[in-house]
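**Student:** Here's a structure for you.
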Amino acid sequence: MLGNRSRDTTPELAVRHAAHALGLRYFVAARPIPTLRRTADMVFPRARVAVFVDGCYWHGCPAHFKAPATHSDYWGPKIERNRARDAETTRALRDAGWTVLRFWEHDDAASCAIAIRAAVEAALPARTARAHS
Numbered sequence: 045m046l047g048n049r050s051r052d053t054t055p056e057l058a059v060r061h062a063a064h065a066l067g068l069r070y071f072v073a074a075r076p077i078p079t080l081r082r083t084a085d086m087v088f089p090r091a092r093v094a095v096f097v098d099g100c101y102w103h104g105c106p107a108h109f110k111a112p113a114t115h116s117d118y119w120g121p122k123i124e125r126n127r128a129r130d131a132e133t134t135r136a137l138r139d140a141g142w143t144v145l146r147f148w149e150h151d152d153a154a155s156c157a158i159a160i161r162a163a164v165e166a167a168l169p170a171r172t173a174r175a176h177s
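All you need for this note's numbering is the position in the sequence shown, starting with 1, plus 44.
So this is what it looks like as structure tokens:
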């Protein structure tokens with residue numbers, strides 16, 4: 045499992061690049077709440093938006109996860125623990141007033157970025173034009 049990246053995965057990079065192209069700026073691999081031992085893939089602190097790009101295998105995607113035939117007594121409970129931790133993380137962040145966005149690795153990066161932009165813009169107060177005198 046050492047060879048499996050916890051950050052900077054190909055799907056995560058695609059979403060980050062698409063979000064950056066839309067003008068979004070964010071923190072990477074950061075804890076939204078410092079006391080919560082969970083790291084989001086992208087964090088927008090002012091907007092209180094946390095983004096997770098979940099891998100289909102490791103997070104048990106209902107559309108693509110296929111349990112391995114070998115060591116199923118290990119992998120089944122392992123993936124279930126990951127899913128339970130994901131749900132707990134989402135709940136804890138939402139309870140703390142954060143917007144949590146979760147995407148699967150197979151989701152279109154551009155569509156993810158548009159959804160992220162919408163969430164960030166909805167959370168931030170509208171920018172007002174400054175009057176010049």
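Glycine is no exception: its CB is placed at the ideal position from the N, C-alpha and C atoms.
Leaving aside the five residues before and after R92 along the sequence, list all residues of the same chain whose C-beta is less than 7 angstroms from its C-beta, in chain order.
**Tutor:** Position 48 of the sequence shown, counted from the start, is the residue given in the question as residue 92. So the qualifying residues of the chain are G141, W142, T143, A167.
**Student:** Roughly how many angstroms lie between the CA atoms of A157 and P55, to the nearest whole one?
**Tutor:** Translated into positions along the sequence shown, residue 157 becomes position 113. Translated into positions along the sequence shown, residue 55 becomes position 11. The straight-line gap from Cα to Cα measures roughly 12 angstroms.
**Student:** In the DSSP assignment, find the unbroken beta strand (DSSP E) run with W148 in it and report its ends.
**Tutor:** As a position in the sequence shown, residue 148 is number 104, starting the count at 1. Segment 143-148, the beta strand (DSSP E) holding W148.
**Student:** Hey, R82 and R75 are a contact pair by Cβ (cut 8 angstroms); roughly how many whole angstroms apart?
**Tutor:** Indexing the sequence shown from 1 puts residue 82 at position 38. Indexing the sequence shown from 1 puts residue 75 at position 31. That pair is a contact at about 7 angstroms.
**Student:** Give me the Cα-Cα distance between G104 and I123, rounded to the nearest whole angstrom.
**Tutor:** Along the sequence shown, read from residue 1 onward, the residue named residue 104 stands at position 60. Along the sequence shown, read from residue 1 onward, the residue named residue 123 stands at position 79. Roughly 6 angstroms between the two C-alpha positions.
**Student:** Pull the bridge partners of F71 from the DSSP assignment, please.
**Tutor:** As a first step, residue 71 is located in the sequence shown; it is residue number 27 there, counting from the start. Paired residue(s): V87.
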